[in-house]
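The next block holds one structure in the form of structure tokens; read it before the comments.
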Amino acid sequence: MKINELARKLGISARTIRFYEQNGLLPGVEREDNRYRVFSDEDVWRLQTIIALREAGMTVKDIREVLESESAQHTVTDRERLRYYLELQQALLAGQWLEMRRMAETTSQMLELLQKEQELPLQEFFELAQQARQLRELRQHWRDHWNFDQRASEHDQQVHTDRAAYPGYNEVLTHTATSVRAAQGERGLDLGTGTGNLAGKLLAQGAHMAGIDQSREMLKQCRSKFPALDVRVGNLLSIPYDDRSFDFVVSSFAFRYLAEPELPLALTEIRRVLKPHGRICISDIMPDEASASVSSPIIVLQNWLEQHDYMLQRTSPYAGVFTLLAVPIRPSSSR
DNA sequence: TTTCTCACA
DNA sequence: TGTGAGGA
């Protein structure tokens, strides 16, 4: 098949097909004596895959990597790699979607200011822009360091042997799962689910659980341990789920990875994916008394939650660990 | 018709 | 990440 026929068939320009070939997405296309390209059935399949992945917004570079060793025999690892790249894409798009939404919001705020101010509110515009940029940089920062993967294989031993990093691991998980009081059929989300130990307990209680984690290795193990668990690659600052998806959000030993300015952002995200009546239950290490200041993580969490009309219950399932249960006083109307 | 290169957004 | 022009 020659290039124009193929282009017509697939609904893209011949120019684009050449462009893909040039960029290494279509290796080994045959030529006739006159240098015309001849596309095989294999090439056609490949091109269709490319078009599909482009439609998902994947970059040409990423597609090249996905298709790299993918040859005639579709092996298990090809499937794994494709899945991995699609998951990365999903996480990336979740971030961009939030970013777009934030831009739309900033625009609305600017219009509002313009409406009610006599003078041109340039100073306010500038301040809005500053805030917006800070938000973006915080989210951006996360994307840079998501290589938790090495630790995944030892994770399940480590949580039981490393008492300093995971004090009372099992007790804390059980306590967290109990505190949130999951009802049959409720939908819950576990943030930083790791290999799914907390989510697994809630599954056993009859909840429908989803989870996110940074590490695809963790998620791989998680899937084999709990096939019923819906896990995605993502981080706490841009959660790859829709608004109002969950009745509750839980998290254990994950919030420690957030820097202080990231905490409110994570909570805003949590509130976004929660249904209006949704509750939150977070467990992690308590900072020791000496370093506990006004800005200690748990205080920041408490303050934010109280300011946003949550009723709090703080317990300590184990020495040095806190569990914070937050239930909305009245269903939050916005977001 | 198709290919290739240069330039452009 | 493509596209348009123009010569071969």
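Take 1 as the starting number for the first sequence in the UniProt record's numbering and just add one per residue. Just so it is clear, CB atoms sit at the ideal spot from N, CA and C, and this is done for glycine as well.
Residue i vs residue j beta-carbon contact at 7 Å
i	j	result
Leu189	Phe246	yes
Val300	Leu263	yes
Ser238	Gly192	no
Ala152	Ser215	yes
Pro167	Tyr310	no
Ala164	Lys201	no
Val76	Val321	no
Ile3	Ile17	yes
Ile282	Leu324	yes
With 16 other Cβ atoms within 10 Å as the buried cut-off, status of residue i
i	result
Arg335	A caution first: Arg335 carries a pLDDT of 47, below 50, which makes its placement in the model too unreliable to give a value.
Arg314	exposed
Met209	buried
Asn235	buried
Lys61	exposed
Tyr20	buried
Arg35	exposed
Ser40	exposed
Arg15	exposed
Thr161	exposed
Asp43	buried
Arg330	exposed
His175	buried
Pro328	buried
Leu53	buried
Arg8	exposed
Asp33	exposed
Leu120	exposed
Met100	exposed
Met218	buried
Pro240	buried
Ala204	exposed
Terminal residues of the beta strand (DSSP E) in which residue i lies
i	result
Lys275	Leu274 to Ile285
His308	His308 -> no beta strand (DSSP E), and no H or E assigned at all.
Gly211	His208 to Asp213
Thr75	First-last for Thr75: undefined, no H or E at that position.
Arg232	Asp230 to Val233
Ser251	Phe246 to Ser252
Leu324	Val321 to Pro328
Best match in the options for proximity to residue i [C-alpha to C-alpha]
i	options	result
Asp284	Gly278, Ala104, Arg272 and Pro297	Pro297
Gln307	Trp45, Ile12, Arg271 and Gly200	Arg271
Ala183	Leu111, Ala177, Ala207 and Leu82	Ala207
His155	Met1, Cys222 and Ala228	Cys222
Glu55	Thr75, Gln90 and Gly28	Gln90
Phe125	Arg139, Thr106 and Arg136	Thr106
Asp242	Leu274, Gln134 and Gln48	Leu274
Met103	Leu92, Val327, Arg133 and Pro287	Arg133
Leu10	Glu112, Ile51, Ser108 and Arg181	Ile51
His141	Pro261, Gln48, Tyr84 and Arg101	Pro261
Gly196	Pro227, Leu82, Glu65 and Asn303	Pro227
Glu137	Pro121, Met218 and Leu98	Leu98
Ala259	Pro121, Arg139 and Asp213	Arg139
Leu305	Pro287, Ser316, Glu269 and Arg244	Glu269
Nearest-angstrom beta carbon gap, residue j and residue i [assumed within contact, 8 Å]
i	j	result
Arg37	Arg46	About 13 Å; that fails the 8 Å criterion.
Leu88	Val233	6 Å
Gly185	Ala199	About 16 Å separates the two Cβ atoms, so there is no contact after all.
Gly278	Val249	7 Å
Gln115	Leu128	Incorrect: roughly 14 Å between the Cβ atoms, too far for contact.
Arg64	Asn23	7 Å
Tyr169	Val159	5 Å
Start and end residues, alpha helix (DSSP H) containing residue i
i	result
Val44	Asp41 to Glu55
Thr193	First-last for Thr193: undefined, no H or E at that position.
Asp62	Val60 to Leu67
Phe19	Ala14 to Gln22
Leu25	Note, Leu25: premise wrong, no alpha helix (DSSP H); not H, not E.
Asp156	His155 to Thr161
Any non-hydrogen atom of the ligand FMN closer than 6 Å to residue i Cβ
i	result
Ala254	Ligands are entirely absent from the displayed structure, and the ligand FMN is therefore not among its contents.
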